[in-house]
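**Student:** Take a look at this one; I'll ask things after.
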Amino acid sequence: MEREGAVTFNLKELMEERHGDNFALHAQYLNPQLTKVVTTLGFDRFYERGEGCYLFDDEGNRYLDMLSGFGVFALGRSHPVIKDALRQALDADLPGMVQMDCALLPGLLAEQLIARSPKQIERLFFCNSGAEAVEAAIKFARASTGRRRILYHAHAYHGLTMGALAVNGSADFREGFGPLLADTTEIPFGDLEVLVRELKRGDVAAFIVEPIQGKGVYELDAERWRELEDAVHGAGALFICDEVQTGLGRTGAFYAFEHFGLAPDIITISKALSGGYVPVGAMLTSDKILRGTYSSMDRAMVHSTTFKNNPMAMVAGLATLSVFDDEHIVEHAAAMGIVWRVRLEELASRHEFLHVVRGRGQMIGIEFGRPTSRGARRRWRLVEATRTAMFTQTLVVPLFHRYRILTQVAADNINVIKLLPPLIAADAEIDLFISALDELLSEAERSGASLVEFGVTMTKGMLRRSPTSKRAAARS
Ligand SMILES: Cc1ncc(COP(=O)(O)O)c(C=O)c1O
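Encoded structure:
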């Protein structure tokens, strides 16, 4: 077919024409409840651009992004090397997904990732997301051991597809979706005794863990981790480290399990490998485990997905790893982890609401709790009576409105702010956050002013008219 020269798609014009319609379109066509949540918190903005650690809205305001797309933007937004790599890939008209083929780029990315992994890791399967990597881990563990049961930790988060949901340690996520995958069992966090009891039944294929738990940023000490891992291996089961969030430098090591000296049989990764642009996930394992699934030529495609190995994702991954080396990203994240800890512990020594600082590298949990002085205690009770963990929300909202810092409560019902800044975040970004939190905590200790501000913001958000898109307005 001849291609005519006329350009029919103009992204810039489209965005200009529909500028400001984003919330109306989401309310109408996507998830109206999420639209309400964002609007009620007063987080509704029209972001036009992202660069490094910052977002910019259509009024020219700059926001410090302490979520980095839940860990996707390890290198910050719009990294020039990743952009250039993707342009090169587009311009090369790469023949992606031929399917009956073995292309070069997936081989190169697998080679690089395996070189950065411990020696028992020899093979890799690419997919499109963290949850898909977890699904692969569950299937490969079952196939290679011939056993059915998968153990997981209380409060674990491994994604929301059906298999991953069956190893999710929070009832709220599971509710309404059952029956889930059979033969999964929850282990209280770090409970060796329960683990050993479950392993004794002889039917456990694997124990899946997050080396540092995302919901609340909890970790175990190295000795307990090794006892758990030894028990799993002693029972002939597999130890799966889900590094979807913690992997690729987030905690100041390439993999978080390195902090605890663990030797997983299966590793899952995703998020940061995308360079912030192209969804990608991977499951890494040993030759023996991989062969449990791909056991013969007849079974060469028993686990697969159409977009695995897609060239844009592979290029994003290769470019990301190259920037990791050139900019010493893992070492930087480790150094910033020390700065976070020193600065936050100093705050904790002065503020009675700030109880515990957790985390490593650029994965930080800040836990708030009941203060000691009378006035502050009364305000705490007042806020927490409305809803558990509401206090943290009364910080997250002014952090955004007053200081233009995007953060989030770490999980429902816990008073923890979790910070996942881009791994490139440095002293300037840490300064911005620390001085904002310092001011807010001083204010909360002195008076109820920030509570009033929070209430006003929420009320305004709730009262805001339900958004209507320009097209819908023109039709009515
Ligand atoms: C540890 C962990 N595993 C799996 C997932 C699921 O990844 P995705 O959202 O890409 O499906 C996440 C997502 O946050 C995660 O943190």
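Numbering (the working numbering), first residue to last: 2 to 477. Here a beta-carbon is modelled for each residue, glycine too, at the ideal position from N, C-alpha and C. As the structure is a prediction and not an experimental result, all values here were calculated from the model.
Heavy atom of ligand 1 less than 7 Å from the Cβ of Gly456, yes or no?
**Tutor:** Not so, every heavy atom of ligand 1 lies at least 7 Å from the Cβ.
**Student:** Just to confirm the assignment, what range does the beta strand (DSSP E) spanning Asp66 have?
**Tutor:** Start and end: 63-66.
**Student:** I need the boundaries of the alpha helix (DSSP H) containing Lys37, first residue and last residue.
**Tutor:** Note, Lys37: alpha helix (DSSP H), 33-41.
**Student:** If we call anything under 8 Å between Cβ atoms a contact, is Gly262 one with Ala223?
**Tutor:** It is a contact, given that the beta carbons lie within the stated cut-off.
**Student:** On a CA-only basis, which of Phe392, Gln409, Gly250, Ala317 is nearest Ile330? Give me that one, please.
**Tutor:** Per the Cα distances, Gly250.
**Student:** Residue range of the alpha helix (DSSP H) that Arg148 falls in?
**Tutor:** That residue, Arg148, is in no alpha helix (DSSP H); it is neither H nor E in DSSP.
**Student:** Output the residue ranges of the beta strand (DSSP E) runs that lie fully inside the segment 44-132 and measure 3 residues or longer, sorted by chain position.
**Tutor:** Here the runs fully enclosed are 48-52, 55-58, 63-66, 124-128.
**Student:** Under 7 Å: does the beta carbon of Gly217 sit that close to some heavy atom of ligand 1?
**Tutor:** Outside the cutoff, so no.
**Student:** In whole angstroms, what separates the C-alpha of Lys120 from that of Ala273?
**Tutor:** C-alpha separation (whole angstroms): 22 Å.
**Student:** If you measure from each CB to the nearest heavy atom of ligand 1 and keep those under 6 Å, what residues do you get, in chain order?
**Tutor:** The filter returns Phe71, Ser130, Gly131, Ala132, Val135, Tyr158, His159, Gly160, Glu211, Gly215, Asp243, Val245, Gln246, Ser271, in chain order.
**Student:** Any beta-carbon of chain C closer than 8 Å to the one on Ile268?
**Tutor:** Looking for chain C here will not work: only one protein chain is present.
**Student:** Okay, do the segment 393-407 and the segment 11-27 touch, 3+ Cβ pairs below 8 Å being the bar?
**Tutor:** These segments do not touch.
**Student:** Is Met364 closer than 8 Å to Leu421 when the C-beta atoms are compared?
**Tutor:** Yes, Cβ-Cβ distance for Leu421 and Met364 is below 8 Å.
**Student:** Please report the distance separating the alpha-carbon of Leu56 from that of Arg50.
**Tutor:** Roughly 6 Å separates the two Cα atoms.
**Student:** What do you get for Ala132, buried or exposed, if any count of 16 or more other CB atoms within 10 angstroms of its CB means buried?
**Tutor:** By the neighbour-count rule (16 or more Cβ atoms within 10 Å), Ala132 is buried.
**Student:** Output needed for Leu221: all residues of its chain with C-beta closer than 8 Å, excluding positions within five of it in sequence on either side, in chain order.
**Tutor:** Around Leu221: Phe190, Gly191, Leu229, Phe261.
**Student:** Taking the alpha carbon of Val384 as the point to measure from, which residue in Arg117, Leu452, Asn129 has its own alpha carbon closest?
**Tutor:** When each option's Cα is compared against that of Val384, the closest is Leu452.
**Student:** Apart from the five residues on each side of it in sequence, which residues of its chain come closer than 6 Å, Cβ to Cβ, to Gly97?
**Tutor:** Cβ within range, chain order: Asn311, Pro312.
**Student:** What's the gap between the Cα of Ile339 and the Cα of Tyr295?
**Tutor:** Cα-Cα distance, rounded: 44 Å.
**Student:** Look at Ser171 and Lys289 and say whether their C-beta atoms are less than 8 Å apart.
**Tutor:** Their beta carbons are not under 8 Å apart, which means Ser171 does not touch Lys289 by this criterion.
**Student:** By Cβ distance below 7 Å, which residues in the same chain neighbour Arg63 in space, the five residues on each side in sequence not counted?
**Tutor:** Closer than 7 Å at Cβ, skipping near neighbours: Tyr55, Phe57, Arg405.
**Student:** Rounded to whole angstroms, how far is the Cβ of Ala335 from the Cβ of Gly360, which I believe are closer than 8 Å?
**Tutor:** With 8 Å as the limit, Ala335 and Gly360 do not qualify as a contact, their Cβ atoms being about 12 Å apart.
**Student:** Could you say which of Gly456, Phe369, Ala165 lies nearest to His156 if we only look at CA atoms?
**Tutor:** Measuring from the Cα of His156, the nearest candidate turns out to be Ala165.
**Student:** Which residue's Cα is closest to the Cα of Leu239: Glu60, Ala206, Phe255, Asn129?
**Tutor:** Checked all of Glu60, Ala206, Phe255, Asn129; the closest Cα to Leu239 is Ala206.
**Student:** Could you tell me if Arg379 is buried or exposed, where buried requires 16 or more neighbouring beta carbons within 10 angstroms of its beta carbon?
**Tutor:** When all chains shown are included, Arg379 counts as exposed.
**Student:** Using CA coordinates, which residue listed in Val210, Glu14, Gln100, Arg46 is at the minimum distance from Met302?
**Tutor:** Selected option, being the one with the closest Cα: Gln100.
**Student:** Should the segment 430-446 be called in touch with the segment 76-95, which here means at least 3 C-beta pairs below 8 Å?
**Tutor:** Judged by Cβ distances under 8 Å, the segment 430-446 makes no contact with the segment 76-95, as fewer than three pairs qualify.
**Student:** Give a yes or no on whether the C-beta atoms belonging to Leu110 and Gly318 are separated by under 8 Å.
**Tutor:** Taking 8 Å as the Cβ cut-off, Leu110 and Gly318 qualify as a contacting pair.
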